[in-house]
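Here the structure comes first, spelled out in structure tokens, and everything after it is commentary.
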Amino acid sequence: MPEKQQQTSSESSSSQQQQQKQPHIMRSHIFVRGSVQGVFYRKHTVQAARARGVRGYVRNLPDGRVEIVAEGRREAVESLVEWCRVGSPKSSVEGVEAAVITDSATEYTFTGFDVRH
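Here the UniProt record's numbering is used: position 17 in the sequence shown is 17, and no number is missing along the way.
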């Protein structure tokens, strides 16, 4: 009997170690306003996100803003938000609103980063 208890204890310890090793995933909702449509902002956002290992999507909104949902390591998502403040070469960013949806997810919602229409 003691062996079985020891094995169970060892298994739960291993499970806890795996959970601790899993990186926490940050997910943010970002809105960019300014001259950001028709200037390849989405295309450059996809490139910037993929270069950082960020998953999610970017899309134009009817009101002229660009919406981005980004998920990945905290540093990567924060770096993408900073990139959004500068934007693509032909864009003129007037403002960026970024809200953290979660900073403790353990699974990804998206498989890559794409443009949505």
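C-beta: ideal position from N, C-alpha, C; glycine also.
As the structure is a prediction and not an experimental result, all values here were calculated from the model.
Residue 65 places its beta carbon less than 8 Å from that of residue 32. Contact annotation, residue 28 with residue 81: C-beta distance approximately 7 Å; criterion of less than 8 Å satisfied. At the C-beta level, residue 39 and residue 113 stay beyond 8 Å of one another.
Rounded to whole angstroms, the separation of the alpha carbons of residue 115 and residue 94 is 21 Å.
Note that the C-beta distance between residue 25 and residue 70 is not below 8 Å. The three-state secondary structure of residue 50, taken from DSSP, is helix. A straight-line Cα-Cα distance of about 7 Å links residue 74 and residue 103.
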